[in-house]
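Visitor:
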Amino acid sequence: MSLLGELQKIFNTDNIDLVVLNKAPLPIQYSATSGILLFSNNHEKRTDFDEYVRKYYIDCLPIYREYREEFLKRLREVKMQNG
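Position 36 of the sequence shown, counted from 1, bears residue number 133 in our numbering, the numbering being contiguous throughout.
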């Protein structure tokens, strides 16, 4: 059985998202650094990862905000055009 299958069985739910965190998009990585830690087998690597993600996310935050605002603006324009 897969890890996801095991977790679904343990928690008795299919509502579980499992991602490879170091390959996930930056916003997901950042969100995970503020969540509840379930397991870590290497404290130093984990804290290095957390520090890197937080710094990089803060650096990229203005870009994410600008992208989001532009995206929402275009959605409003399309909605207005389509009535």
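For glycine and all other residues, C-beta sits at the position ideal for the given N, C-alpha and C.
Considering only C-alpha positions, which residue in the set I160, E174, E163 and P122 is nearest to V150?
Guide: Working through the sequence shown from its first residue, we reach residue 150 at position 53. The shortest Cα separation from V150 among I160, E174, E163 and P122 belongs to P122.
Visitor: Less than 8 Å between the beta carbons of L115 and L104, yes or no?
Guide: In the sequence shown, the residue the question calls residue 115 occupies position 18. In the sequence shown, the residue the question calls residue 104 occupies position 7. A contact, by the Cβ cut-off of 8 Å.
Visitor: Any idea what DSSP makes of M64, helix, strand or coil?
Guide: Only positions 98 to 180 of the chain appear in the structure, and residue 64 is not among them; the question remains open.
Visitor: Find the nearest neighbour of S128 within the set Y154, S99 and N179, judged by alpha-carbon distance.
Guide: Here the question's residue 128 lines up with position 31 in the sequence shown. Selected option, being the one with the closest Cα: Y154.
Visitor: Could you spell out where the alpha helix (DSSP H) holding L57 opens and where it closes?
Guide: This structure cannot speak to residue 57, because the chain is shown only from 98 to 180.
Visitor: Using 8 Å as the threshold, is the C-beta distance between P124 and Y161 below it?
Guide: For this step, residue 124 is matched to residue 27 along the sequence shown. For this step, residue 161 is matched to residue 64 along the sequence shown. Yes, they are a contact pair.
Visitor: Using the Cα positions of E174 and T144, report the straight-line distance between them to the nearest angstrom.
Guide: If you number the sequence shown from 1, residue 174 lands on position 77. If you number the sequence shown from 1, residue 144 lands on position 47. Computed Cα separation, rounded: 43 Å.
Visitor: What is the DSSP secondary structure of N112, reduced to helix, strand or coil?
Guide: Along the sequence shown, one-based indexing puts residue 112 at 15. Coil at N112, not helix or strand.
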